[in-house]
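In the UniProt record's numbering, the protein residues as written are 1 to 414. Following: one structure in structure tokens, then a few remarks.
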Amino acid sequence: MRQLLYLTTSFPFGKGEDFLTEELRHAQGFDDYLIVSCHSAPEDSQTKPVPDGMRVVRLQVSPATVSYPSVLFRPDLIREAISLPFQGQSFFGKLHQLLFFRRKAQAVYDALCSEVLPLLTGEEIVIYSYWFYDAAVAGALLAKKLRAKGKQVWLISRAHGFDAFPERSPYGYLPMRRFLLNHYNAVRPCSPSAARAVKDAFPGQCGKVRTAFLGTADHGLPYGSRSPVFHVVTCSYLVPVKRIPLLVQALALVSFPMRWTHIGGGPQEAEVRAAAEQLPAHVEWEMPGPMRNEDLMHYYEETPVSCVVNVSSSEGLPVALMEACSFGFPCIATEVGGTPEAVRDGVTGCLLGKNPSPEEIASALEHMARLPEEEYSSLCRAARKLWEDKFHAEKNYNLFYQELSQLSGKDGDS
Numbered sequence: 001m002r003q004l005l006y007l008t009t010s011f012p013f014g015k016g017e018d019f020l021t022e023e024l025r026h027a028q029g030f031d032d033y034l035i036v037s038c039h040s041a042p043e044d045s046q047t048k049p050v051p052d053g054m055r056v057v058r059l060q061v062s063p064a065t066v067s068y069p070s071v072l073f074r075p076d077l078i079r080e081a082i083s084l085p086f087q088g089q090s091f092f093g094k095l096h097q098l099l100f101f102r103r104k105a106q107a108v109y110d111a112l113c114s115e116v117l118p119l120l121t122g123e124e125i126v127i128y129s130y131w132f133y134d135a136a137v138a139g140a141l142l143a144k145k146l147r148a149k150g151k152q153v154w155l156i157s158r159a160h161g162f163d164a165f166p167e168r169s170p171y172g173y174l175p176m177r178r179f180l181l182n183h184y185n186a187v188r189p190c191s192p193s194a195a196r197a198v199k200d201a202f203p204g205q206c207g208k209v210r211t212a213f214l215g216t217a218d219h220g221l222p223y224g225s226r227s228p229v230f231h232v233v234t235c236s237y238l239v240p241v242k243r244i245p246l247l248v249q250a251l252a253l254v255s256f257p258m259r260w261t262h263i264g265g266g267p268q269e270a271e272v273r274a275a276a277e278q279l280p281a282h283v284e285w286e287m288p289g290p291m292r293n294e295d296l297m298h299y300y301e302e303t304p305v306s307c308v309v310n311v312s313s314s315e316g317l318p319v320a321l322m323e324a325c326s327f328g329f330p331c332i333a334t335e336v337g338g339t340p341e342a343v344r345d346g347v348t349g350c351l352l353g354k355n356p357s358p359e360e361i362a363s364a365l366e367h368m369a370r371l372p373e374e375e376y377s378s379l380c381r382a383a384r385k386l387w388e389d390k391f392h393a394e395k396n397y398n399l400f401y402q403e404l405s406q407l408s409g410k411d412g413d414s
């Protein structure tokens, strides 16, 4: 029997990892699928559907049960610690980060051994970590244990944003990269920029790293529209990294009638609402709150949208922008992470600098609103074409699962 073991952060529970829903619809090539939620909170309910026949395990992970001394002298941690450059405070900060990370990975591994290991009865097992982080380390440790039992095991991981770019972490450090790259058969970052970041850290392992885009489903072709009013949509969790208050400052500067819709909730909701209340009368706005993905797709099908905006300070490759492209909506977004893969300046929308001012965002909105109709229509057509070429779920995931299936035809050691 061939088994595929997914290691997620919380999916299918709670918030986040919504993009896995579409991927799982295209899973193929295995006899048994097991989804392991490594860090979901006990109170989180299931919020995403899982295809029939796939089993779900919510791990009972408790890092508090793993003492720091119990991980301090493990060979993998010692090798990592020795490799850290000794640079005063930075060294001790990285060492503390490493200890915390390794303790968390150990807690996931311990839970995998007690709750998941008995379910892994197949002769061939692919362990697929959705993030190149602590659960990926736990997956590598589990693979070693399974191989000791005579199983054929392969390891593959995606990488997105925080788990690919060291500069987004404290002290510019992502723990145990060398360990992960040595143990994994393949690493598939979701954007070329993330792939470059992983490769640059350890050039000797470049052969294991290749971009594998995520994808979104085809929901038809309404295309962007500036009638009856220029309508801007943002779709994100309301946290500082998304910089929605910055967008509201920009909306206060536009000189033409428009409408803004923000889809999503979060800790900054009250702050954003209070700022939006001060917008001039010619800027209509609404905040309908979080939407299930299927409801968002229906909204896009039924509602004229002029452009989708993302002003985040950091990103992987935003699925929200892929979805916008699939509908033929132009986008305005900051040049961070993998965003330039979905937003090509002057072709599918407008690419802003990493830290735009409210005036620069307002200028981009004004420009798109006042484009001649044929130029605006060209943006819409190019956005859809980009999606067809790069982000079509059926095409991307069929290729990805073919690769997963073919992994098990190779030697099961990393």
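Think of the CB as a built atom: it goes at the ideal place given N, C-alpha and C, for glycine as much as any other residue.
Within the same chain, Leu99 come within 8 Å of Leu72 by CB-CB distance, once the 5 residues on both sides are set aside. Judged by their CB atoms, Val343 and Leu321 are nearer to each other than the 8 Å cut-off. Per DSSP, the unbroken alpha helix (DSSP H) holding Trp387 starts and ends at 373-390. Going by C-alpha positions, Tyr299 is about 14 Å away from Ser326. Per the Cβ contact rule, the segment 141-150 is not in contact with the segment 13-29 (fewer than 3 Cβ pairs under 8 Å).
Taken in chain order, the unbroken stretches of alpha helix (DSSP H) that lie wholly in the segment 71-106 and span 4 residues or more are 75-83. Around the CB of Ile78, fewer than 16 other CB atoms lie within 10 Å, so the residue is classed as exposed.
Nearest Cα to Ala324 within the set Tyr401, Ala64, Leu386: Leu386. Assignment of beta-bridge partners to Pro290 by DSSP yields no partner. In chain order, Gly215 place their CB closer than 8 Å to the CB of Lys395, counting only its own chain and leaving out the 5 sequence neighbours on each side. For Cys325, the uninterrupted alpha helix (DSSP H) run begins and ends at 319-326, by DSSP. From the listed residues Lys94, Tyr223, Asn182, Gln3, the smallest Cα separation to Gly207 is found for Asn182.
Here the alpha carbons of Ser227 and Ser363 stand approximately 20 Å from one another.
Contact between the segment 307-317 and the segment 233-242 is established, with three or more Cβ pairs separated by less than 8 Å. Taking Val272 as the centre and dropping the five residues before and after it, the same chain places the C-beta of Leu238, Ile244, Pro245, Val248, His262, Met287 closer than 8 Å to its C-beta, in chain order. With a cutoff of 8 Å on beta-carbon distance, Ala64 and Val108 are scored as not near each other. DSSP places Pro69 in the helix class (H, G or I) of the three-state scheme. In the same chain as Ala281, and ignoring 5 residues on each side of it, no C-beta atom comes closer than 7 Å to its own. A straight line joining the alpha-carbon of Lys144 with that of Lys94 spans about 26 Å. Annotated as distal: Thr348 and Pro372, with beta-carbon spacing of 8 Å or more. By the neighbour-count definition (other C-beta atoms within 10 Å, threshold 16), Arg74 is an exposed residue.
When secondary structure is reduced to three states using DSSP, Tyr128 falls in the strand class. Just so you know, the alpha carbons of Phe230 and Phe165 end up roughly 36 Å apart.
Separation of Pro51 and Glu23 (C-alpha to C-alpha, rounded to the nearest whole angstrom) is 10 Å.
Here the C-alpha atom of Ala382 lies approximately 43 Å from the C-alpha atom of Phe101. Under the three-state reduction of DSSP, Pro118 is assigned to helix. Taking Glu335 as the centre and dropping the five residues before and after it, the same chain places the C-beta of Leu351, Leu352, Gly353, Lys354 closer than 7 Å to its C-beta, in chain order.
Positions of the alpha helix (DSSP H) runs, each at least 4 residues long and wholly inside the segment 215-303, are given as 244-251, 269-276, 293-302 in order along the chain.
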